[in-house]
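For the record, the sequence lines run as chains X and S.
Using the working numbering, the letters of the first sequence map in sequence onto residues 171 to 949.
Using the working numbering, the letters of the second sequence map in sequence onto residues 18 to 170.
Note that beta-carbon positions come from the ideal geometry of N, C-alpha and C, so glycine has one too.
This structure is a prediction, so every number in the text was calculated from the model and none was measured.
Notes to accompany the following structure.
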Amino acid sequence: MNDPKDLPMEALNEGGDEQNFSLQRRKLLTYALSSPVLTIVAGFGVNLAIPATASATPIALSPPDTVDYYDVGDSLVQFSAPTMPLVKLSVGTDGKVTLEMPRLEQGQGIATALAMMIAEEMDVPLSDVIVHSADAQPDLMYNQLTGGSSSVRCFDPVLPVMAASARARLVAYAAQQWLLSPSDLRVEAGVVIAPDGRSATYGSLTIGAATLPLPSAQPKDPSQYKIIGAFTRRLDARDIVTGRKKFTLDQPVANAMPTMWRMPSQIRGTVVSVNNTATVKAMPGVIDVIVVPPGGNIVPRQVGVAVMAETFGQAWDAARALDITWGDGSNAGQTNASIFAALRAANPPLLAPPLGALTIDGEFTFAPATHCPMEVECAIVDVRADSAEIWAGLQTPIVALQATAADLGLPESAVTAHVIPSGGAFGRRLFWDPVQVAAYVSKATGRICKLMYHRSDDIRQTRLRPPQVHNVRATILLGSVVSYEQHIAAVRLDARHGYGEKGTATTGAFPEGMPQAFGNMNYEQFFFKTMVSSPYNYGTSTKLLTPVTLDWNTVSYRSVHIQPARTVEEIITDEIAQAMHIDPVAFRLQYLRLPRARAVLEQVATAGQWGKAMPAGFAQGVGVHMESRAFTACIVELDATDPAHCKVTRATIAIDVGKPINPSGIEQQCHGGLAEAIALVLNAGLHIQNGEAIEASYHHYHWPRMKDFPKNVQVIIMPNVGDPIAGMGEPGMSAPSGAIANAYARATGIKPRNFPLNAQDPITDAPPPGQLPPPGTLA
Amino acid sequence: MSKYSFTLNGAAVTVDAPGDMALLWVLRDKLGLTGPKYGCGINVCKACTCLLNGKAITACSTKISAVAGKKVTTIEGLANGDTLHPVQQAWLDLDVPQCGFCQCGQIMAAVDLLARTHNKPTDADIDAIENVCRCATYGRIRNAIKLAATKMP
Chain X
171 MNDPKDLPME ALNEGGDEQN FSLQRRKLLT YALSSPVLTI VAGFGVNLAI PATASATPIA
231 LSPPDTVDYY DVGDSLVQFS APTMPLVKLS VGTDGKVTLE MPRLEQGQGI ATALAMMIAE
291 EMDVPLSDVI VHSADAQPDL MYNQLTGGSS SVRCFDPVLP VMAASARARL VAYAAQQWLL
351 SPSDLRVEAG VVIAPDGRSA TYGSLTIGAA TLPLPSAQPK DPSQYKIIGA FTRRLDARDI
411 VTGRKKFTLD QPVANAMPTM WRMPSQIRGT VVSVNNTATV KAMPGVIDVI VVPPGGNIVP
471 RQVGVAVMAE TFGQAWDAAR ALDITWGDGS NAGQTNASIF AALRAANPPL LAPPLGALTI
531 DGEFTFAPAT HCPMEVECAI VDVRADSAEI WAGLQTPIVA LQATAADLGL PESAVTAHVI
591 PSGGAFGRRL FWDPVQVAAY VSKATGRICK LMYHRSDDIR QTRLRPPQVH NVRATILLGS
651 VVSYEQHIAA VRLDARHGYG EKGTATTGAF PEGMPQAFGN MNYEQFFFKT MVSSPYNYGT
711 STKLLTPVTL DWNTVSYRSV HIQPARTVEE IITDEIAQAM HIDPVAFRLQ YLRLPRARAV
771 LEQVATAGQW GKAMPAGFAQ GVGVHMESRA FTACIVELDA TDPAHCKVTR ATIAIDVGKP
831 INPSGIEQQC HGGLAEAIAL VLNAGLHIQN GEAIEASYHH YHWPRMKDFP KNVQVIIMPN
891 VGDPIAGMGE PGMSAPSGAI ANAYARATGI KPRNFPLNAQ DPITDAPPPG QLPPPGTLA
Chain S
18 MSKYSFTLNG AAVTVDAPGD MALLWVLRDK LGLTGPKYGC GINVCKACTC LLNGKAITAC
78 STKISAVAGK KVTTIEGLAN GDTLHPVQQA WLDLDVPQCG FCQCGQIMAA VDLLARTHNK
138 PTDADIDAIE NVCRCATYGR IRNAIKLAAT KMP
């Protein structure tokens, strides 16, 4: 802690003049880890594939695939490691322990999980631990990206060591004062206690402890855990239920002016002219009307026409009143059907099967999907002559800051980016699109821009999960599956965020301006190969991704390639089992490569009463999955009495995350994964018409509501038996997805092929492209 | 612009606003209450649910002129000092929220449901709640409503 800017804000505020500064800087014990790299590799490589050992039938064993050895989470753990010493954990004189977390809390519960690690190792009550997102900190390099289900994985090898070392330092200082040995002392609830009854709070020890050299301390043995592994309420739960939690648009930034905007009538469309600027500028409360032109570094800025006003109500009215002539976008005339045709044509042909083989083939389509987080795209940006300040929910704040600095022609050191907890993200906030726009408007108006997208544009005009076509062939020879081939053509995934800073982002964007840059292609293939695997021994097993250069706005999505790829494989697995006249669960137990996958399947088969009698029109379905070092299985019950409107009525899920931190959060992520599966398999898909989605809100895009979520959901968390910690944000989607699709097939006799499966009501009340709906109840 | 007076969380307030301005923007932009959230603006997602004379409404789709002289309760006015409303407490006991963005609306919808059903909500009553939760806290919301129903005075 050599630089004043490294001090936590409260210390600076207390500090006052220069003279006091050296005292103030020692007021807090701020802990930086010396060398996490040595510990970071512990556990890596432990989780290697163990091929099935005993089997009654001869099975063509698949060699372990890339993901068994190295997955995208490992890459994020490794990329994060070198700058972990810059992450700040401090103990205040009030005894509060504060972590400046270089990640975005978006509901996934990482702040609570990290706080539990700290409370566990430091023996402080959870209520004394504060975790907030750090501002963008460019010196963290690759260590400020939230994604890939990697956050808890990145911190599990590091944070307990930091916390244990901080505790050791506080205890050592107390021991020094009392002329005792540290081993004589114990800690209870943030109080160091001597055998003779003397005691001192962490808060009273922190200044002195900061003068001691770094001790080396070992984290606790898991057998001593009291907090880790126990059901723990979210840190911010009380703020949420009382309405006090502040999201981006709730930030008390004085004079931040409400701004809404209109976006083109097609994705990547253009503004040709605004035909009534003067009229709209004269409307009540309107401050300015700004045309946002193309531009932007790393990724292109979205274009449109913004209206700044005194209130959002007036900004919305004025935005609706704008008369704008729009120009076509890059996908004029495109529809779902034309996109699928382009993708189908791009998929290379499947291999011809050997003579005498039985083949199971299928072609699958996945409609584009929208992240539709409850909090729409938004940002507050204050651009001054020589500085800028940003408030937004950012999964990649460093590159957002760097790109904004470049857009504004400011040095990076003149830009501050505050990372605000977001109302969901699901991958959407890997890019900083609203920041680009708000920065432009702030600079153009000389005011602080508080930009909010309308929900309709949030769905139609922002980034999508890429639509996909899968072609699959499984080959059975002499009673055994000998090969499995899956070719996936998808609209290219924009990965130009790189690892969250400009070096890797610029590589991803190279050559500049290309919609499918070579760099982006490399990232996309890397992410695919390190995320998507197969849990089965299917002999020669391949999944090949062909990104197709259609100029859509895309971005990662929870399990972006994995959920479709693995859903398809689970469907084909059921079809193979049926062709071989073997029960789907028995078949999986025979063909699963890894014992932990078999264990979760056995759990759900029992708890979910696999094979029980079902009424006519109902069926059970099963799915198994492995992702991010987690193993999951799911059995659902589906009501398909109306095959066009199926409904999941029960779900039994087992999950093995190696080392469970917060069972409450794990169960919540499984619920979220189940809802994603219900959405993407049954109900929710976008309809592209003339280069833009029709859907304008949740009444068109059928994200599940209360009535769609089964009343009977059981989540079984496998105990900690010493396996490496797994990711949790994404692994919960694919097993339920497979289970629902397979239940649909068993209940209806229809092969699930085109997703979403349920009939989609025609949309008749959508506002015309390029327009916003009127406020209030839809007619 | 006209002046509109109403009771907000037990206190009398008067605002100067166009009569057709949505209550949501009066609350957020003029009165600084940020518990009710914008999610759609067209009475679809229900994230802005508040109580008007004790009944659930969506503030995005209620004009300020329709509020004059009435009682508005937002999430900020639900607790009694530090004592949470039984619905809020049930939300804490079962650790319902994930991101939290929709939860103010969810809680207000639940308060309204308990009032309408005299604290005996059926599963069908709960199914009829249309508030969207993108994180999918629905399972815990259902259980929390049932728990709160047993704790209502």
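Cβ-based neighbour list, residue 318/X, same chain, cut-off 6 Å, excluding 5 preceding and 5 following | Here residue 318/X refers to the residue found at position 148 when the first sequence is read from its first residue. Hits under 6 Å: 242, 243, 246.
What do you get for residue 358/X, buried or exposed, if any count of 16 or more other CB atoms within 10 angstroms of its CB means buried?
-> Taking the first residue of the first sequence as 1, we reach residue 358/X at position 188. With fewer than 16 Cβ atoms within 10 Å of its Cβ, residue 358/X is classed as exposed.
CB contact below 8 Å: residue 431/X versus chain S | Numbered from its first residue, the first sequence carries residue 431/X at position 261. Output row for residue 431/X: interface = no.
Look at the Cβ atom of residue 987/X, then the Cβ atom of residue 532/X, and state whether they are nearer than 8 Å.
-> No information on residue 987/X is available, as it lies outside the stretch 171 to 949 that chain X covers here.
List the residues of chain X whose Cβ lies closer than 7 Å to the Cβ of residue 31/S, in chain order.
-> Numbered from its first residue, the second sequence carries residue 31/S at position 14. Within chain X, no residue comes near residue 31/S; the closest Cβ sits about 16 Å away, beyond 7 Å.
With a Cβ-Cβ cutoff of 8 Å, do residue 802/X and residue 831/X count as a contact?
-> Position 632 of the first sequence holds residue 802/X. Position 661 of the first sequence holds residue 831/X. No, the Cβ-Cβ distance between residue 802/X and residue 831/X is not below 8 Å.
Would you say residue 733/X reaches chain S, if we count a Cβ-Cβ gap shorter than 8 Å as a contact?
-> Working through the first sequence from its first residue, we reach residue 733/X at position 563. No, its Cβ sits nowhere closer than 8 Å to a Cβ of chain S.
Between the CA atoms of residue 700/X and residue 517/X - distance to the nearest angstrom | Against the first sequence, residue 517/X aligns to sequence position 347. Against the first sequence, residue 700/X aligns to sequence position 530. So the two alpha carbons sit approximately 21 Å from each other.
Would you mind working out which of 920/X, 388/X, 553/X, 389/X sits nearest residue 812/X, comparing C-alpha positions?
-> Within the first sequence, numbered from 1, the residue matching residue 812/X stands at position 642. When each option's Cα is compared against that of residue 812/X, the closest is 920/X.
Please report how far the alpha carbon of residue 360/X lies from the alpha carbon of residue 288/X, in whole angstroms.
-> Indexing the first sequence from 1 puts residue 360/X at position 190. Indexing the first sequence from 1 puts residue 288/X at position 118. Near 12 Å, if we compare the C-alpha coordinates of residue 288/X and residue 360/X.
What's the C-alpha gap between residue 567/X and residue 588/X?
-> To locate residue 567/X, count along the first sequence from 1; it is residue 397. To locate residue 588/X, count along the first sequence from 1; it is residue 418. Using only the alpha carbons, I get a separation of about 8 Å.
Under 8 Å between C-beta atoms, does residue 155/S make it to chain X?
-> Here the question's residue 155/S lines up with position 138 in the second sequence. Answer yes: the Cβ-Cβ gap between residue 155/S and chain X drops below 8 Å somewhere.
Classification of residue 891/X by the beta-carbon crowding that lies within 10 angstroms, buried from 16 upward = Residue numbering aside, residue 891/X sits at position 721 when the first sequence is read from its first letter. Residue 891/X is exposed by the Cβ-count criterion.
Among 752/X, 768/X, 670/X, which has the Cα closest to the Cα of residue 602/X?
-> For the purposes of this step, residue 602/X is taken as the residue at position 432 of the first sequence. Of 752/X, 768/X, 670/X, the residue nearest in Cα terms is 670/X.
Closest residue to residue 35/S among 250/X, 249/X, 482/X (Cα-Cα distance) | Here residue 35/S refers to the residue found at position 18 of the second sequence. Among 250/X, 249/X, 482/X, the Cα nearest to that of residue 35/S belongs to 482/X.
Simplified DSSP assignment, three categories, for residue 129/S | On the second sequence, position 112 is the one that residue 129/S refers to. Three-state DSSP puts residue 129/S in a helix.
Could you name the residues of the same chain whose beta carbon sits closer than 6 Å to that of residue 311/X, not counting the 5 residues immediately before and after it, in chain order?
-> Within the first sequence, numbered from 1, the residue matching residue 311/X stands at position 141. For residue 311/X, where only same-chain residues beyond five positions count, the Cβ hits under 6 Å are 253, 671.
Counting only runs that start and end within the segment 838-882 of chain X, where is the alpha helix (DSSP H) found for 4 or more residues in a row?
-> none
Alpha carbon to alpha carbon, what distance is there between residue 809/X and residue 914/X?
-> Residue numbering aside, residue 914/X sits at position 744 when the first sequence is read from its first letter. Residue numbering aside, residue 809/X sits at position 639 when the first sequence is read from its first letter. Those two C-alpha atoms are separated by around 9 Å.
By DSSP, does residue 625/X sit in helix, in strand, or in coil?
-> Along the first sequence, one-based indexing puts residue 625/X at 455. Correct three-state label for residue 625/X: helix.
Counterpart residues of residue 562/X in DSSP-defined beta bridges = Taking the first residue of the first sequence as position 1, residue 562/X is located at position 392. Bridge partners of residue 562/X: 589/X.
Kindly identify the DSSP beta-bridge partner or partners of residue 795/X.
-> Stepping through the first sequence from its first residue, residue 795/X is reached at position 625. BP columns for residue 795/X point to 802/X.
Closest Cβ-Cβ distance between residue 61/S and chain X: below 8 Å?
-> Within the second sequence, the letter at position 44 stands for residue 61/S. It does; some Cβ of chain X falls within 8 Å.
Decide if residue 525/X is buried, meaning its Cβ has at least 16 other Cβ atoms within 10 Å, or exposed.
-> One-based indexing of the first sequence puts residue 525/X at position 355. By the neighbour-count rule (16 or more Cβ atoms within 10 Å), residue 525/X is not buried but exposed.
Is the shortest distance between the beta-carbon of residue 949/X and the beta-carbons of chain S less than 8 Å?
-> The residue given as residue 949/X occupies position 779 in the first sequence. Confidence at residue 949/X is low in this model, with a pLDDT of 41, below 50, so the placement of that residue is unreliable and no value is reported for it.
Minimum Cβ-Cβ distance from residue 20/S to chain X less than 8 Å | Counted from its first residue, the second sequence places residue 20/S at position 3. Judged by the 8 Å Cβ criterion, residue 20/S is not in contact with chain X.
So which residues on chain S does residue 481/X lean against when the C-beta distance must stay under 9 Å?
-> Position 311 of the first sequence, counting from 1, holds the residue named residue 481/X. Going along chain S in sequence order, the residues near residue 481/X (Cβ under 9 Å) are 34, 38, 42, 43, 45, 46, 47.
Residues that residue 727/X bridges to, as DSSP identifies them = Here residue 727/X corresponds to residue number 557 of the first sequence, with the count starting at 1. None, per the DSSP bridge assignment.
Return the bridge partner residues of residue 925/X from the DSSP annotation.
-> One-based indexing of the first sequence puts residue 925/X at position 755. Note: residue 925/X sits in a beta bridge opposite 536/X.
Which residue comes first and which comes last in the alpha helix (DSSP H) that contains residue 23/S?
-> Mapped onto the second sequence, residue 23/S falls at position 6. Residue 23/S -> not in any alpha helix (DSSP H); beta strand (DSSP E) instead, spanning 19-25.
Kindly indicate which three-state DSSP category residue 474/X falls into: helix, strand or coil?
-> Along the first sequence, read from residue 1 onward, the residue named residue 474/X stands at position 304. In this structure, residue 474/X counts as strand in the three-state DSSP scheme.
Burial state of residue 25/S, where buried means 16 or more other Cβ atoms lie within 10 Å = Residue mapping note: residue 25/S aligns to position 8 of the second sequence, counting from 1. Under this definition residue 25/S is a buried residue.
Hey, does residue 787/X have any beta-carbon neighbour from chain S nearer than 8 Å?
-> The residue you call residue 787/X lines up with position 617 of the first sequence. Taking Cβ atoms only, chain S never reaches closer than 8 Å to residue 787/X, which makes this a no.
Residues from the segment 835-846 of chain X in contact with chain S, defined by Cβ distance under 9 Å | 835, 837, 838, 839, 841, 842, 843, 844, 845, 846
Just grab the DSSP bridge partners of residue 370/X for me.
-> What you label residue 370/X is simply residue 200 of the first sequence in a count that begins at 1. Bridge partners of residue 370/X: 362/X.
First and last residue of the uninterrupted alpha helix (DSSP H) at residue 344/X | On the first sequence, residue 344/X is found 174 positions in, with the first residue counted as 1. Start and end: 329-348.
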